[in-house]
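These notes are about the structure you will find just below.
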Amino acid sequence: MDIEYVRSRFIKHFDGKTGSVYTSPGRINLIGEHTDYNGGFVFPGAIDKGITAEVRPNGTDTVMLYSIDLKDRVEFKVNDAVPPTTSWARYIYGVVQESKKRGVEVKGFNAAFAGDVPLGAGMSSSAALESCFAYALNNLFGGNKLSQWDLVLIGQATEHNYCGVKCGIMDQFASVFGKNGMLMRLDCNSREHAYFPFDLQGYRLVLLDSVVKHELASSAYNDRRANCEHVVAALKRKYPEKDIKTLRDADWEMLESVKTDISEEDRKRAAYVLAEKDRVLAVCEALNQGDYETVGKKMYETHEGLSQAYEVSCPELDFLNDVAKACGVTGSRMMGGGFGGCTINLVKDELYDSFVNKAKTDYYAKFNKALKVYDIVISDGAHKICD
Ligand code: GLA
457 MDIEYVRSRF IKHFDGKTGS VYTSPGRINL IGEHTDYNGG FVFPGAIDKG ITAEVRPNGT
517 DTVMLYSIDL KDRVEFKVND AVPPTTSWAR YIYGVVQESK KRGVEVKGFN AAFAGDVPLG
577 AGMSSSAALE SCFAYALNNL FGGNKLSQWD LVLIGQATEH NYCGVKCGIM DQFASVFGKN
637 GMLMRLDCNS REHAYFPFDL QGYRLVLLDS VVKHELASSA YNDRRANCEH VVAALKRKYP
697 EKDIKTLRDA DWEMLESVKT DISEEDRKRA AYVLAEKDRV LAVCEALNQG DYETVGKKMY
757 ETHEGLSQAY EVSCPELDFL NDVAKACGVT GSRMMGGGFG GCTINLVKDE LYDSFVNKAK
817 TDYYAKFNKA LKVYDIVISD GAHKICD
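Numbering (the working numbering), first residue to last: 457 to 843.
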């Protein structure tokens, strides 16, 4: 993102003064999908696409925002009880409120921001926006007293309380904790995390963006979470002596034992989650051994599970997965919440060009849509760029 561009818009749309510039990235996820809100493992990395914002306290109690990409202006008061109706501004309003709840004395500010995370592509543009502002407000009004985890939780609470998505913590975690050249394995139960160098020998990771985003994706997402919670409730009833909090605390035998207490749909969803938990651990082991064939095999298994059991894929993503398979690509799967967005593909260097070209041609022939291709560059998390 071009900082001078953001700065020139900030100067133009406000009072000619400069502020501090912050940036925060979107994310990819190698494996571990729909596991975060089930207390499982995820394997994300921050990317070189994100949100960049210039922010300056304005000495009033009004927040004045300008979205450079949408050429749209919104204002609200720091203490307004009702969120703005404009959807992008709700995220920033949410971050203001959630930062205040955690003791940051947010006052009025001017901000202009722009982004290059493709919207609706499953690369977490909303987490990038939340983390960018959470970081900025903590820096400008909180004396940096909040921890990185606080910033993550501010973003997640914004989604839950102001945007209607009951998301887990993966996206905000990746956006805040990302490190240049490193993927991260996060245990969403204990919040322990470890950095893994992203250094694929002879392989590349590439995203193919289906450029579709299906309606009702967020309500379907919340439905999946509810499926998992039904199973947890049944397990709690069956095993009152065990301290079951999420599906992380369940095993196959336990799931089988509550089969008649839950719907078949709930059972299928939980079976996917249990299998995915094992796959992430297998992938970590395989990465440590440099065994990319196993990594790729697990990615295909994840896709199959997300498509058939969790039912969050769509014809476009299934098609792209089939093209990858037919081209002999080592691993491929849909990435993120689903119902559109990207596939993530682990491709041998020598196959890259032929695969990407075939995917583009076949996708256009089938859906009459131009596929977008993003090479992955793993980058740093939220930070301040300059004053
Ligand atoms: C979305 C959510 C995340 C996570 C993924 C699926 O990106 O925001 O919390 O649940 O979907 O893995």
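Idealized CB from N, CA, C, for every residue including glycine.
Would you call the CB atoms of Ile-507 and Val-833 closer than 8 Å?
no
Quick one: residues in its chain with C-beta nearer than 6 Å to the C-beta of Ala-690, no 5 flanking neighbours on either side, listed in chain order?
Val-714, Asp-717 and Ile-718
Which parts of the region 557-594 are runs of the beta strand (DSSP E), unbroken and 3 residues or longer, counting only runs that do not cross its ends?
565-571
Taking Asp-528 and Thr-542 to be in contact with their CB atoms under 8 Å, please state how far apart those CB atoms are, rounded to whole angstroms.
That belief holds up - the Cβ atoms of Asp-528 and Thr-542 are roughly 7 Å apart, short of 8 Å.
Thinking C-beta only, is Leu-602 closer than 8 Å to Val-560?
yes
Going by C-alpha distance, which of Phe-629, Phe-633, Gln-612 and Val-632 is nearest Cys-623?
With distances taken between Cα atoms, Cys-623 lies closest to Gln-612.
Taking only the alpha-carbon atoms, compute the straight-line gap between Asp-805 and Tyr-659 and give it to the nearest angstrom.
5 Å
Looking at the ligand GLA, does it come within less than 7 Å of Glu-720, judged from the CB to the closest heavy atom?
no
If you reduce the DSSP assignment to three classes, tell me which class Val-551 lands in.
helix
For Asp-747, name the three-state secondary structure that DSSP assigns.
coil
Output needed for Ile-548: all residues of its chain with C-beta closer than 8 Å, excluding positions within five of it in sequence on either side, in chain order.
Val-519, Leu-521, Ala-567, Leu-585 and Phe-589
Count the other CB atoms within 10 Å of the CB of Arg-693; is the residue buried (16 or more) or exposed (fewer)?
exposed
Using only alpha-carbon positions, find the residue among Gly-571, Lys-473 and Leu-575 that is nearest to Gly-797.
Nearest C-alpha to Gly-797: Leu-575.
May I have the straight-line CA-CA distance separating Val-534 from Trp-605, to the nearest angstrom?
23 Å
When you compare only the Cα positions, how much space is there between Ile-467 and Tyr-728?
50 Å
Within the present structure, is the beta-carbon of His-686 separated from the nearest heavy atom of the ligand GLA by less than 7 Å?
no
Would you mind reading off the limits of the alpha helix (DSSP H) that contains Phe-466?
459-469
For Ile-610, does the three-state DSSP call read helix, strand or coil?
In the structure shown, the three-state DSSP call for Ile-610 is helix.
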